[in-house]
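Below you'll find the structure, written out as structure tokens, and then a few comments.
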Amino acid sequence: MSKTHRGSGLREQPSHGRGTCPICHKENIKVIYEQEVDGKQVKICKYCNAALKNKARLNKASAAPATEAPAEESAAEAPEQA
1 MSKTHRGSGL
11 REQPSHGRGT
21 CPICHKENIK
31 VIYEQEVDGK
41 QVKICKYCNA
51 ALKNKARLNK
61 ASAAPATEAP
71 AEESAAEAPE
81 QA
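FYI, in the working numbering the residues of the sequence shown are 1 to 82.
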């Protein structure tokens, strides 16, 4: 299993990958996950990365039932054959 967010990969970065997260404003935390925020590519912390992914997953899940509903309605409108 790959360990890209610790060890020698971080030693090569300035301050060993630590800084201030632009979203939660925590200081001296690892900011190593690149995400697009407000149209800019920024590095954010692990916790904000997870929060953004969970928010996107929930938005996708809530949008999915809306697309399935018309298919169910059209099946209900079809005349039944005896």
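Note that beta-carbon positions come from the ideal geometry of N, C-alpha and C, so glycine has one too.
Please read all numbers here as calculations on a predicted model, not as lab measurements.
In terms of Cα proximity to Ala50, the closest of Gln13, Ser2, Glu34, Pro14 is Glu34.
Under the DSSP definition of a beta bridge, Val31 lacks any partner. Here Lys30 is buried, its C-beta having at least 16 other C-beta atoms within 10 Å.
By the criterion of at least three beta-carbon pairs nearer than 8 Å, the region 21-30 is in contact with the region 38-56. By the CB criterion at 7 Å, Gly19 and Ile32 fall outside the cutoff.
In the three-state DSSP reduction, Lys26 falls in the coil class, being neither helix nor strand.
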